[in-house]
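For reference, the structure is listed below as structure tokens.
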Amino acid sequence: MLEVNDLHVSYGAVNAVQGVSLRAEVGKVTLVLGANGAGKSTTLRAVAGYHKPKAGSVLVDGADLTGSRAHKMVRNQLVLVPEGRRVFATLTVEENLRIGGYRASRAEVEATMAEVYEQFPILSDRKGQQAGLLSGGEQQMLAFGRAVMSQPKVILMDEPSMGLAPTMVDSVMTKVREIADRGIAVLIVEQNADAGLRVADQVSVITRGKTVWTGAAADADTAAVHAVLGETALEK
Ligand SMILES: Nc1ncnc2c1ncn2[C@@H]1O[C@H](COP(=O)(O)OP(=O)(O)O)[C@@H](O)[C@H]1O
Ligand SMILES: [Mg+2]
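The numbering of the sequence shown is our numbering, which starts it at 1 and goes up by one.
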């Protein structure tokens, strides 16, 4: 389980995150909603070890990992699926997956890859293809598969639905739910509130770098989300 308490992150004089608190639990999808510029990506990047927080704490299963670098977070089974997917375009699907499993022994990599192919049949079908030739939705599946290769217990996902056609958004969200159901704590950031709410158990809303609302997804009715986020949340 992931616990983020009163996180503060800045870029020089810009205080992008100033009081974000979040939880993510095994088997659950926690959705973080917030308008453009609210500090969602900054939060995920700081939690995953790509920025040092200025204050606050990050705990994974009770262990204080605040300020640890990304490779250490991965070793502690927390991994980020970054905004924009970031697959290695000139490498094959399988090579991309191997990169995700770089910490493991060869036998472990093969076993995990078999599981990933079972979980993501599209990646199995395309294993020899260059990742750059996949559709956006397929690249998102690859980004998920690469994260699963590191055998995480916490996966952070930054706007996986971004730029995808509506039917692809549905398959990506269904996959998000499946990943959580396999016993992983999933923390997902979305500006597409409708899509996120379809699979979320818990919701936190961030406004101007602060958590302003946390509750069950069932209570985050669209009117309330709309009231907090304003016009941006429900239109895409
Ligand atoms: N590298 C950076 N340098 C300076 N300011 C940044 C940088 N990245 C993001 N910001 C600022 O931090 C705030 C939060 O950005 P971000 O975390 O990307 O928001 P979100 O993901 O919610 O859209 C914004 O005001 C943004 O302009
Ligand atoms: Mg962002």
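Just so you know, even glycine gets a beta-carbon here, dropped at the ideal spot from N, CA and C. Since the structure is predicted, the reported quantities are computational estimates derived from the model, not experimental observations.
Taking the alpha-carbon positions, what's the residue i to residue j distance?
{"i": "residue 234", "j": "residue 28", "result": "Only weak support is given to the placement of residue 234: the predicted model assigns it a pLDDT of 48, under 50, and the value that follows is read from those uncertain coordinates. Roughly 23 Å separates the two Cα atoms."}
{"i": "residue 236", "j": "residue 107", "result": "Residue placement at residue 236 cannot be trusted, given a pLDDT of 40 that sits under 50; the coordinates are not used to answer."}
{"i": "residue 105", "j": "residue 191", "result": "38 Å"}
{"i": "residue 46", "j": "residue 162", "result": "21 Å"}
{"i": "residue 132", "j": "residue 32", "result": "29 Å"}
{"i": "residue 11", "j": "residue 125", "result": "42 Å"}
{"i": "residue 181", "j": "residue 90", "result": "32 Å"}
{"i": "residue 120", "j": "residue 4", "result": "30 Å"}
{"i": "residue 54", "j": "residue 42", "result": "12 Å"}
{"i": "residue 114", "j": "residue 102", "result": "15 Å"}
{"i": "residue 213", "j": "residue 34", "result": "11 Å"}
{"i": "residue 73", "j": "residue 49", "result": "6 Å"}
{"i": "residue 249", "j": "residue 60", "result": "The chain is shown only over 1 to 236; residue 249 falls outside these bounds and no answer can be derived."}
{"i": "residue 71", "j": "residue 52", "result": "14 Å"}
{"i": "residue 92", "j": "residue 197", "result": "33 Å"}
{"i": "residue 2", "j": "residue 83", "result": "20 Å"}
{"i": "residue 6", "j": "residue 56", "result": "5 Å"}
{"i": "residue 215", "j": "residue 30", "result": "10 Å"}
{"i": "residue 25", "j": "residue 186", "result": "7 Å"}
{"i": "residue 171", "j": "residue 202", "result": "20 Å"}
{"i": "residue 128", "j": "residue 154", "result": "28 Å"}
{"i": "residue 169", "j": "residue 140", "result": "10 Å"}
{"i": "residue 135", "j": "residue 87", "result": "12 Å"}
If residue i sits next to residue j, beta carbons under 8 Å apart, how far is it from one beta carbon to the other, in whole angstroms?
{"i": "residue 195", "j": "residue 217", "result": "So it is not a contact: roughly 12 Å between Cβ atoms."}
{"i": "residue 8", "j": "residue 14", "result": "The Cβ separation is near 12 Å, so there is no contact."}
{"i": "residue 148", "j": "residue 116", "result": "5 Å"}
{"i": "residue 20", "j": "residue 211", "result": "5 Å"}
{"i": "residue 65", "j": "residue 156", "result": "Contact flag wrong, Cβ pair sits at about 13 Å."}
{"i": "residue 137", "j": "residue 164", "result": "5 Å"}
{"i": "residue 160", "j": "residue 81", "result": "7 Å"}
{"i": "residue 143", "j": "residue 69", "result": "The pair is not a contact, with the Cβ atoms about 21 Å apart (cut-off 8 Å)."}
{"i": "residue 189", "j": "residue 158", "result": "5 Å"}
For the beta strand (DSSP E) holding residue i, just list the boundary residues, first then last.
{"i": "residue 275", "result": "Here the chain comprises residues numbered 1 to 236, so residue 275 is not present and cannot be evaluated."}
{"i": "residue 210", "result": "210-216"}
{"i": "residue 105", "result": "It is not in any beta strand (DSSP E) - residue 105 carries neither H nor E in the DSSP assignment."}
Quick one: what's residue i bridged to in DSSP?
{"i": "residue 157", "result": "81 and 188"}
{"i": "residue 2", "result": "24 and 60"}
{"i": "residue 8", "result": "18 and 55"}
{"i": "residue 203", "result": "31 and 215"}
{"i": "residue 119", "result": "Partner(s): none; residue 119 has no beta bridge."}
{"i": "residue 130", "result": "92"}
How far does the alpha helix (DSSP H) with residue i in it reach, from first residue to last?
{"i": "residue 174", "result": "166-181"}
{"i": "residue 32", "result": "Premise fails: residue 32 lies in the beta strand (DSSP E), 29-33, not in any alpha helix (DSSP H)."}
{"i": "residue 40", "result": "40-47"}
{"i": "residue 88", "result": "Neither: residue 88 is in no alpha helix (DSSP H) and is coded neither H nor E."}
{"i": "residue 67", "result": "It is not in any alpha helix (DSSP H) - residue 67 carries neither H nor E in the DSSP assignment."}
{"i": "residue 145", "result": "136-148"}
{"i": "residue 195", "result": "193-197"}
Check whether chain D comes within 8 Å of residue i, counting only Cβ atoms and requiring the distance to be less than that.
{"i": "residue 184", "result": "Any reference to chain D falls outside this structure, which holds one protein chain only."}
Give a yes or no on contact between the region 195-209 and the region 36-51, applying the rule of three or more CB pairs nearer than 8 Å. yes
Examine the Cβ distances between the region 174-187 and the region 88-98 and report whether three or more of them are shorter than 8 Å. The region 174-187 is not in contact with the region 88-98.
Are three or more beta carbon pairs between the region 63-77 and the region 150-170 nearer than 8 Å? yes
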